[in-house]
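Peer 1:
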Amino acid sequence: MKNIKRFAAALIALILLTGPASAGAAAEGHAPAEKTVVLVIMDGIGEYADETGNMVLKASTPTLDALKANDPFRLIRANGTAVGLPSDSDMGNSEVGHNALGCGQIYSQGTKLVDESIGSGVIYESGAWKNLVSGLKDSGGTLHFIGLLSDGNIHSNISHLLAMLEEAKTEGVRRVRIHILLDGRDVSPVSALDYVDQLENTLAGLNGETFDGRIASGGGRMQITMDRYQADWGMVEKGWNIHVHGEGRQFASAREAIEAYRKEQPGIIDQDLPGFVIAEDGVPVGAMKDGDSVILFNFRGDRALEISMAFDGDTSFDRFDRGEVPKVKYAGLLEYDAELHIPRRYLVEPPRIRQTLTELLTENGISEYACSETQKFGHVTYFWNGNRSEKFSEELETWEEVPSDNRSFDESPWMKASEITDRVIAAIESGEYGFIRCNFPNGDMVGHTGSLQATEIAVEVVDLCLGRILRACDEHGCILVVTADHGNCEQMLEKNKEGEITVRTAHTVNPVSFIIHDRDARHELDTESPFGLANVAATIADLLGVTPYDSWEKTMLK
């Protein structure tokens, strides 16, 4: 396989060298402003030296291999402090990755924001917390928590939930119910019981005459509640009925539910576990009622928006039949959409991202085109533009979404890569855009399924599509920039606590590639400085001949 890859890389290199790029000596300095820059984001395709479980190395990737061998190439960081997370042991993710790529700056993100707010106690001084908690002490109502129960630090962290439980008791809340979403995606695939036990142990220590805390419902994150980009409102409806109305298959405890499902469906991983309701004598222990309060303790926005819309929605809400809607007060851990103000109440102020790459290009009259399929469309638009749902300029920004298939990604690892490629090439051929960006979700979305075979195919699909875009860039004189937002499919096997090799479905802390290909010039990269995703914006601005904002991280061009 390695020999085949080397031969293919050499063949592509020969084609490139004998084409237009060989017409003259490599030019010095930056590209002229009139050249279009095309950015390809290979979502979830990181760089890792170990071949074990490395679907990037295992896959046949002649295009990527040739680019690395013959064009300016280096590795950049896509995790931890480089993208605003607390420590360098924190995995990167698509949300913070696209924030950093699109704004050229490093903001405190997600769990770091919440950690700081909880540590200082500011979260409990927020109007939303006080509003939700104060009424319960008078009415005797229940405080409900909904969220992803893990320490993956991508969508949530169990430590935030545990801290709020302790504070709720301190402030006199007497009854709490927790509706848990099982992970197995940002953490080990079958680790749910570890987190359930951690939560149950905390509740056992808090429970007594003045406090009654219990798990009330749950289910896998890919089965209920946590849909994103309005791709499958049926998931949200199932979660709503389970959490709010207590309608679902009943069990005496979360452990009993998880063990039963695993026995019934051998090999099932946590994210795919069906929903369940905890009940006593056939009565749900945590159905919501008038006067209750609800907190969604996820901090990441994409999979929190729809359930927030369901809770905040008035009588005009029409995504699904909510049944009799209890009069509850609802808040998110953060504001998940700053432009649409979803949700209306939130506990922690999110970063206010300003001076994004799109703002800079708009100010300079440069038109943009952004494309992905539904699964990552919000990342190249909403997150890229600094958590902004609306365009900065209707005239200068074109967004195109390719609808994703509603099926398991390991069954169709090619996803919509070909369709995305068709649209990107059409945008290149049109000559209308100064900056074009796209996201291929395959490496991330298929990698999360844990299927090594499907992920290998996914990586090869991305490479094939990258080759098509490369040829179009050469034909039309565009500069091609290739990178990723975080790692995933390059490290899909790991040892568990017992020393056994198991499938890994989570993101990684590995760096990602950064490549510049220009048929007419060789742009020299600084290969010594410690760069990360936030340095990409200034580099693209340099390639376009635009002066970056002073607030940005520096360019990677020498």
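My numbering numbers the first residue of the sequence shown as 762 and each following residue consecutively. A virtual CB, placed ideally from N, CA and C, is assigned to each residue, including glycine.
Just checking, does the region 967 to 976 make contact with the region 935 to 942 on the three C-beta pairs under 8 Å criterion?
Peer 2: A contact between stretches requires three or more CB pairs, one per stretch, nearer than 8 Å, and the region 967 to 976 meets this requirement with the region 935 to 942.
Peer 1: Put W1160 into one of helix, strand or coil per three-state DSSP.
Peer 2: In the sequence shown, counting from the first residue as 1, residue 1160 sits at position 399. W1160: strand per DSSP, three-state reduction.
Peer 1: With a Cβ-Cβ cutoff of 8 Å, do H1284 and I1276 count as a contact?
Peer 2: Position 523 of the sequence shown, counted from the start, is the residue given in the question as residue 1284. Position 515 of the sequence shown, counted from the start, is the residue given in the question as residue 1276. Against a cut-off of 8 Å, the Cβ pair of I1276 and H1284 comes out as no contact.
Peer 1: Return helix, strand or coil for L933, following the three-state DSSP convention.
Peer 2: For this step, residue 933 is matched to residue 172 along the sequence shown. The residue asked about is misnamed: residue 933 is Gly in this sequence, not Leu. G933 carries a coil assignment under DSSP once its states are collapsed to helix, strand and coil.
Peer 1: Using DSSP with H/G/I as helix, E/B as strand and the rest coil, what is L1322?
Peer 2: Since the displayed the chain opens at 762 and closes at 1319, residue 1322 lies outside it and no answer follows.
Peer 1: For A1018, collect the residues of the same chain with a Cβ closer than 6 Å to its Cβ; drop the 5 residues on either side in sequence, then sort them by chain order.
Peer 2: To locate residue 1018, count along the sequence shown from 1; it is residue 257. F1012, F1037.
Peer 1: By how many angstroms is the C-alpha of L1057 removed from the C-alpha of F1292?
Peer 2: For the purposes of this step, residue 1292 is identified with residue 531 of the sequence shown, where counting begins at 1. For the purposes of this step, residue 1057 is identified with residue 296 of the sequence shown, where counting begins at 1. Roughly 35 Å between the two C-alpha positions.
Peer 1: Please report the distance separating the alpha-carbon of V798 from that of A1299.
Peer 2: In the sequence shown, the residue the question calls residue 798 occupies position 37. In the sequence shown, the residue the question calls residue 1299 occupies position 538. About 13 Å.
Peer 1: Between which two residues does the alpha helix (DSSP H) holding N962 run?
Peer 2: The residue you call residue 962 lines up with position 201 of the sequence shown. Start and end: 953 to 967.
Peer 1: How is the alpha helix (DSSP H) around T824 delimited, first residue to last?
Peer 2: By one-based count along the sequence shown, residue 824 stands at place 63. Taken as a continuous stretch (DSSP letters only), the alpha helix (DSSP H) holding T824 covers 823 to 831.
Peer 1: I need the DSSP call for R1400, collapsed to helix, strand or coil.
Peer 2: The structure shown does not extend to residue 1400, since the chain spans only 762 to 1319, so no value can be given for it.
Peer 1: If you draw a straight line from the alpha carbon of P1174 to that of L1108, how long is it in whole angstroms?
Peer 2: Counting from 1 along the sequence shown, the entry for residue 1174 is found at position 413. Counting from 1 along the sequence shown, the entry for residue 1108 is found at position 347. Whole-angstrom Cα-Cα distance: 38 Å.
Peer 1: Please specify which runs of the alpha helix (DSSP H), each continuous and at least 4 residues long, are wholly inside the region 1197 to 1228, giving them in chain order.
Peer 2: 1203 to 1208
Peer 1: How close, in whole Å, do the beta carbons of H1247 and N854 come, if the pair is a contact with beta carbons under 8 Å?
Peer 2: The residue given as residue 1247 occupies position 486 in the sequence shown. The residue given as residue 854 occupies position 93 in the sequence shown. The Cβ separation is near 6 Å, so the contact holds.
Peer 1: Mark L1101 as exposed unless 16 or more other C-beta atoms lie within 10 angstroms of its C-beta, in which case mark it buried.
Peer 2: Here residue 1101 refers to the residue found at position 340 of the sequence shown. With fewer than 16 Cβ atoms within 10 Å of its Cβ, L1101 is classed as exposed.
Peer 1: Per DSSP, which residues does F1037 bridge with? Please list them.
Peer 2: Here residue 1037 refers to the residue found at position 276 of the sequence shown. Per DSSP, G979.
Peer 1: What did DSSP end up calling A1092 once you bin it into helix, strand or coil?
Peer 2: The residue labelled residue 1092 in the question sits at position 331 within the sequence shown. Strand, per DSSP.
Peer 1: Helix, strand or coil for Y990? Go by DSSP, reduced to three states.
Peer 2: Translated into positions along the sequence shown, residue 990 becomes position 229. Of the three classes helix, strand and coil, the one that applies to Y990 here is coil, per DSSP.
Peer 1: By alpha-carbon positions, which one of A1302, Q1252, T1308, G1238 ends up nearest to K819?
Peer 2: Start at 1 with the first residue of the sequence shown, and residue 819 comes out as number 58. Out of A1302, Q1252, T1308, G1238, Q1252 has the C-alpha closest to the C-alpha of K819.
Peer 1: Candidates A1215, G807, V1297: which alpha carbon is nearest I867's?
Peer 2: Within the sequence shown, numbered from 1, the residue matching residue 867 stands at position 106. It is V1297 whose Cα lies nearest to the Cα of I867.
Peer 1: Is W1145 near R1083, with beta carbons less than 8 Å apart?
Peer 2: Translated into the one-based positions of the sequence shown, residue 1145 becomes position 384. Translated into the one-based positions of the sequence shown, residue 1083 becomes position 322. Not closer than 8 Å, so no.
Peer 1: Would DSSP call V1044 helix, strand or coil?
Peer 2: Taking the first residue of the sequence shown as position 1, residue 1044 is located at position 283. Looking at V1044 - three-state DSSP - the assignment turns out to be strand.
Peer 1: Of all the options R1016, Q1026, L1034, which has the alpha carbon lying nearest to the alpha carbon of M996?
Peer 2: As a first step, residue 996 is located in the sequence shown; it is residue number 235 there, counting from the start. Out of R1016, Q1026, L1034, L1034 has the C-alpha closest to the C-alpha of M996.
Peer 1: Quick one, which of S1274, F1060, A1233, V934 has its alpha-carbon nearest I837's?
Peer 2: Within the sequence shown, numbered from 1, the residue matching residue 837 stands at position 76. That would be S1274, whose Cα lies nearest to the Cα of I837.
Peer 1: Starting from the C-beta of E1162, find all residues in its chain whose C-beta is less than 8 Å away, skip the five residues before and the five after it, and write them out in chain order.
Peer 2: Within the sequence shown, the letter at position 401 stands for residue 1162. Excluding positions up to five away in sequence, the list reads C1132, S1133, E1134, T1135, F1138.
Peer 1: Does the distance from the CB of E856 to the CB of R1061 come in under 8 Å?
Peer 2: Within the sequence shown, the letter at position 95 stands for residue 856. Within the sequence shown, the letter at position 300 stands for residue 1061. Yes.
Peer 1: Taking C-alpha atoms, which residue in E1158, G1126, G805 lies nearest to V1307?
Peer 2: The sequence position of residue 1307 within the sequence shown is 546, counting from 1. Comparing Cα-Cα distances from V1307 to each of E1158, G1126, G805, the minimum goes to G1126.
Peer 1: Rounded to whole angstroms, how far is the Cβ of G1238 from the Cβ of R1280, which I believe are closer than 8 Å?
Peer 2: Residue 1238 sits at position 477 when you count from the first residue of the sequence shown. Residue 1280 sits at position 519 when you count from the first residue of the sequence shown. About 7 Å; that satisfies the 8 Å criterion.
Peer 1: Could you check whether S1054 and G902 sit closer than 8 Å to each other, using their CB atoms as the reference points?
Peer 2: The residue you call residue 902 lines up with position 141 of the sequence shown. The residue you call residue 1054 lines up with position 293 of the sequence shown. Taking a C-beta distance under 8 Å as the contact criterion, G902 and S1054 qualify as a contact pair.
Peer 1: Could you tell me the distance, in whole angstroms, from the CA atom of D811 to the CA atom of E970?
Peer 2: For this step, residue 811 is matched to residue 50 along the sequence shown. For this step, residue 970 is matched to residue 209 along the sequence shown. Distance between the alpha carbons of D811 and E970: 54 Å.
Peer 1: P1268 to D947, Cα distance in whole Å?
Peer 2: The residue you call residue 1268 lines up with position 507 of the sequence shown. The residue you call residue 947 lines up with position 186 of the sequence shown. Residue 1268 is actually His in this sequence, not Pro. Spanning the two alpha carbons is a distance of roughly 6 Å.
Peer 1: Pop quiz: F1170 and V1223 are said to be a contact at Cβ under 8 Å. What is the actual Cβ separation, rounded to whole angstroms?
Peer 2: What you label residue 1170 is simply residue 409 of the sequence shown in a count that begins at 1. What you label residue 1223 is simply residue 462 of the sequence shown in a count that begins at 1. About 13 Å; that fails the 8 Å criterion.
Peer 1: Indicate whether C1199 and I1181 have their beta-carbon atoms separated by less than 8 Å.
Peer 2: As a first step, residue 1199 must be located in the sequence shown, where it is residue number 438. As a first step, residue 1181 must be located in the sequence shown, where it is residue number 420. Contact: yes.
Peer 1: If you draw a straight line from the alpha carbon of G1007 to that of F1072, how long is it in whole angstroms?
Peer 2: Start at 1 with the first residue of the sequence shown, and residue 1007 comes out as number 246. Start at 1 with the first residue of the sequence shown, and residue 1072 comes out as number 311. Looking at the two C-alpha atoms, the distance is approximately 15 Å.
Peer 1: On the DSSP bridge assignment, give the partners of Y1130 in chain order.
Peer 2: Residue 1130 sits at position 369 when you count from the first residue of the sequence shown. In DSSP, Y1130 forms a bridge with T1159, I1197.
Peer 1: Could you work out which residue in K873, Q959, D899, G888 is closest to L910 when comparing CA atoms only?
Peer 2: Position 149 of the sequence shown, counting from 1, holds the residue named residue 910. Per the Cα distances, Q959.
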